[in-house]
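Asker: Structure below; questions to follow.
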Amino acid sequence: MRIHQYERVWLLASMVLIVGFIATITYGAVGLGITMVDDRGATIAPDEINEDERFGDPRVEQVGDDEYEVYAVAMTFAFQPDPIEIPADSEVTFYVTSRDVIHSFYVVGTNTNTMVIPGEISVVTVEFDEPGEYGLICTEYCGAAHHEMEGQLAVLEDEEFDLTELEVEAPDEVEPDGEIEITATVTNGQLEAIEETVTVELGDETLEESVTVEGDESESVTLTVDAADLGEGDHDWTASAGDLTESGTVSVVEGSEDDTEGGDDA
Amino acid sequence: MSNVARQEDPASVERIEHDEFDPVGTLALIAFYFAVLVLLWLFTYFVEFLGNVPTPVVVA
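Same order as they appear, the protein sequences are chains A and B.
All residue numbers for the first sequence refer to the numbering used here, where the first residue is 4 and numbers rise by one.
All residue numbers for the second sequence refer to the numbering used here, where the first residue is 21 and numbers rise by one.
Structure (structure tokens):
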């Protein structure tokens, strides 16, 4: 068969192009370690999400030095948690599942994008080098308000990121001859110990204490004030740890049914 | 129409060998298409795809 020389050039060039396509994809997969989302994330019954240890409480969790896991749930028409806060320069693995129909989890402007299928857990591991704010949208048509399904992904500076929580237990009402006990509990969700200065204020009384909270532990600070010292009426209290603040009001009233503890509603 | 006219006039018909056919213009056009294709691929993969970090990676 006689093939014209230009035809030969064109055939050869086409071959080079195809080999080039395959070579770049191979380079991405082998050289750079780029992966596609597959079924390694196991399965989960969509109606048992609330009982699941991971997805019952959608959250960010630290699992190692600079290693975090995010358990997120997509549903019509929102993502949980929202916003998702993660640290920069850390390896973050997103585990995403759906409560109802097929959604997607797309970090806008990046290659981080996966389908979210009810019954399946999509697993995506990424590392954000720079802090920033990203939008999160669903790119699979999921219903009438699909266009409103969005979330926020905040990538924070390593120093700004923490999983510290402040919880305060205080009474609503106290007898004039009773004691007011305000307990501030600092919970450290990260693995490394943190130092926090906990301040509890009530009336003129201020308690300031430095606490060291071990990883995955919590520490409590209690301020006790005699109700008689404050006198009858409403008294505001404030508790703070780092940049977290909680506040409330305690009433000193004659004949209150609610005795100290619990902060339960009288 | 001009083809028909040429066939009617044997003096204007030129016969050439297979390899003497030399459509340089067509070759240039195809080479241009080819260059566009290669550039588009490089742009799509290396700029649009790899440029939009973070890209999900394999974790050992």
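The beta-carbon is built from N, C-alpha and C at its ideal position, and this holds for glycine as well.
Got a sec: which bits of the segment 32 to 57 of chain A sit with their beta carbon under 9 angstroms from any beta carbon on chain B, in order along the chain?
Answerer: Those would be A32, L35, G36, I37, T38, M39 and V40, in chain order.
Asker: Please tell me whether T96(A) and E72(A) are closer than 8 angstroms, where the distance is taken between their beta carbons.
Answerer: A contact, by the Cβ cut-off of 8 angstroms.
Asker: Roughly how far, in whole angstroms, is the beta-carbon of E204(A) from the beta-carbon of W240(A), given that I think they are within contact range, below 8 angstroms?
Answerer: Right, the Cβ-Cβ distance comes to about 6 angstroms (below 8 angstroms), so this counts as a contact.
Asker: Which residues does DSSP pair with D229(A) in a beta bridge?
Answerer: Per DSSP, E182(A).
Asker: Measure the beta-carbon distance from T117(A) to V99(A) and round it to whole angstroms, keeping in mind my assumption that it falls under 8 angstroms.
Answerer: Contact flag correct, Cβ pair sits at about 7 angstroms.
Asker: Which value, in whole angstroms, describes the spacing of the CA atoms of E143(A) and D60(A)?
Answerer: Straight-line Cα distance between these residues: approximately 24 angstroms.
Asker: Give me the Cα-Cα distance between A26(A) and L35(A), rounded to the nearest whole angstrom.
Answerer: Distance between the alpha carbons of A26(A) and L35(A) is about 13 angstroms.
Asker: Nearest-angstrom Cα distance between L156(A) and E235(A)?
Answerer: Between L156(A) and E235(A), the C-alpha separation is close to 47 angstroms.
Asker: Could you name the residues of the same chain whose beta carbon sits closer than 7 angstroms to that of E163(A), not counting the 5 residues immediately before and after it, in chain order?
Answerer: Once the five neighbours on either side are set aside, E163(A) has no close Cβ partner at all.
Asker: Give the DSSP-derived three-state secondary structure of Y164(A) in the structure shown.
Answerer: Per the sequence shown, the amino acid found at residue 164(A) is Phe instead of Tyr. Reduced to three states, the DSSP call for F164(A) is coil.
Asker: What separation, rounded to the nearest whole angstrom, lies between the Cα atoms of G258(A) and A187(A)?
Answerer: In a straight line, the C-alpha of G258(A) is about 26 angstroms away from that of A187(A).
Asker: Does any CB atom of chain B fall closer than 8 angstroms to the CB of R11(A)?
Answerer: Chain B contact via Cβ: absent.
Asker: Would you decide whether M78(A) is buried or exposed? Buried here means 16 or more other CB atoms lie within 10 Å of its CB.
Answerer: Buried.
Asker: Under a CB-based cut-off of 8 angstroms, is I50(B) close to chain A?
Answerer: It does; some Cβ of chain A falls within 8 angstroms.
Asker: Compute the Euclidean distance between the alpha carbons of M152(A) and H7(A), then round it to the nearest angstrom.
Answerer: Roughly 58 angstroms separates the two Cα atoms.
Asker: Run down chain B in chain order and give the residues with a C-beta less than 7 angstroms from the C-beta of V102(A).
Answerer: Strictly speaking, residue 102(A) in this sequence is Arg, with Val absent from that position. Neighbours of R102(A) on chain B: none; closest Cβ ~23 angstroms, over 7 angstroms.
Asker: Around the C-beta of P76(B), are 16 or more other C-beta atoms found within 10 angstroms, so that it is buried, or is it exposed?
Answerer: By the 10 Å Cβ count, P76(B) comes out buried.
Asker: For a test of the three-state rule: what should DSSP assign to E72(A), helix, strand or coil?
Answerer: Strand at E72(A).
Asker: Assign G154(A) to buried or exposed, taking buried as 16 or more other Cβ atoms, counted over all protein chains shown, within 10 Å of its Cβ.
Answerer: By the 10 Å Cβ count, G154(A) comes out buried.
Asker: Less than 7 angstroms between C-beta atoms, sequence neighbours within five positions excluded: which residues of the same chain meet that for G218(A)?
Answerer: The answer, listed in chain order, is N191, Q193, L194, E195 and A196.
Asker: Counting only the same chain and skipping the five closest in sequence on each side, list residues whose C-beta sits under 6 angstroms from that of A244(A).
Answerer: Cβ neighbours of A244(A) beyond the five flanking positions: L169, V189, E199 and V201.
Asker: Is V56(B) close to chain A, meaning its C-beta is less than 8 angstroms from at least one C-beta of that chain?
Answerer: Chain A contact via Cβ: absent.
Asker: What residues of chain A sit near L47(B), judged by a beta carbon separation below 8 angstroms?
Answerer: Near L47(B) (Cβ distances below 8 angstroms), the residues of chain A are Y9 and V12.
Asker: Pull out every residue of the segment 118 to 150 of chain A whose Cβ sits closer than 8 angstroms to any Cβ of chain B, in chain order.
Answerer: Answer set for the segment 118 to 150 of chain A: V127, T128, V129, E130, F131 and D132.
Asker: Name, please, each residue of chain A whose Cβ falls closer than 7 angstroms to the Cβ of F69(B).
Answerer: Here the neighbours are N114.
Asker: Beta-carbon of F41(B) versus every beta-carbon of chain A: anything under 8 angstroms?
Answerer: Interface residue, yes.
Asker: Does the beta-carbon of E72(A), which I'm using as the reference point, lie nearer than 7 angstroms to any heavy atom of the ligand MG?
Answerer: Ligands are entirely absent from the displayed structure, and the ligand MG is therefore not among its contents.
Asker: Ends of the alpha helix (DSSP H) at L194(A)?
Answerer: Unbroken run through L194(A): none, as it is neither H nor E.
Asker: Can you tell me whether F131(A) is buried or exposed? The criterion is at least 16 other CB atoms within 10 Å of its CB, across all chains shown.
Answerer: By the neighbour-count rule (16 or more Cβ atoms within 10 Å), F131(A) is buried.
Asker: Please decide whether V73(B) counts as near chain A, where near means a Cβ-Cβ distance under 8 angstroms.
Answerer: By this cut-off, V73(B) is an interface position.
Asker: Bridge partners for R62(A) per DSSP, in chain order?
Answerer: Looking at the DSSP assignment, R62(A) forms a beta bridge with Y74(A).
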